[in-house]
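Asker:
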Amino acid sequence: MGGGEGSAARESLKHKSIDKVIMCDIDEEVVDFCKKYLITNKEAFAHKKLNLVINDAKAELEKRKEKFDIIVGDLADPVE
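Residue 1 is where the sequence shown starts when you use full-length UniProt numbering, and the numbers rise one by one after that.
(1) Enumerate, from N- to C-terminal direction, the unbroken alpha helix (DSSP H) stretches of 4 or more residues contained entirely within the UniProt domain "PABS" (1–80).
(2) Here's a check: name, in chain order, each residue in its chain whose Cβ is nearer than 6 Å to the Cβ of residue 70, leaving out the five neighbours to either side.
(3) When we look at the beta-carbon of residue 68 and count the other beta-carbons within 10 Å, is it buried (16 or more) or exposed?
(4) I'd like the list of long-range same chain contacts for residue 6, defined as Cβ closer than 6 Å, with 5 residues on each side in sequence excluded.
(5) By alpha-carbon positions, which one of 17, 73, 32 and 18 ends up nearest to residue 58?
Below, the structure written as structure tokens:
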């Protein structure tokens, strides 16, 4: 949930026991910017085990029927 910059995905994908990582972020512009300019996370975005979903995290979890071993919330703190 969140993590549009790709850091949580990058760290998760370092573990060989991981079968797949689903990264869900609501802001496609942030994800696109980070894919282009954050060189340290470039490999994570291109990784074959990464499934990138642009959607509200809560809505995405509610619609999915699968079970997850772990859910990481990499959400920004409220500004206001």
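The C-beta atom is built at its ideal place from N, Cα and C for all residues, glycine as well.
Answerer: Short version:
(1) Runs of the alpha helix (DSSP H) inside the UniProt domain "PABS" (1–80): 7–12, 28–37, 42–46 and 57–63.
(2) Here the question's residue 70 lines up with position 70 in the sequence shown. Correct list: empty, nothing qualifies.
(3) Residue mapping note: residue 68 aligns to position 68 of the sequence shown, counting from 1. Exposed.
(4) Here residue 6 refers to the residue found at position 6 of the sequence shown. Counting only Cβ-Cβ distances below 6 Å, and skipping sequence neighbours, we find 34, 41, 44 and 45.
(5) Indexing the sequence shown from 1 puts residue 58 at position 58. Checked all of 17, 73, 32 and 18; the closest Cα to residue 58 is 73.
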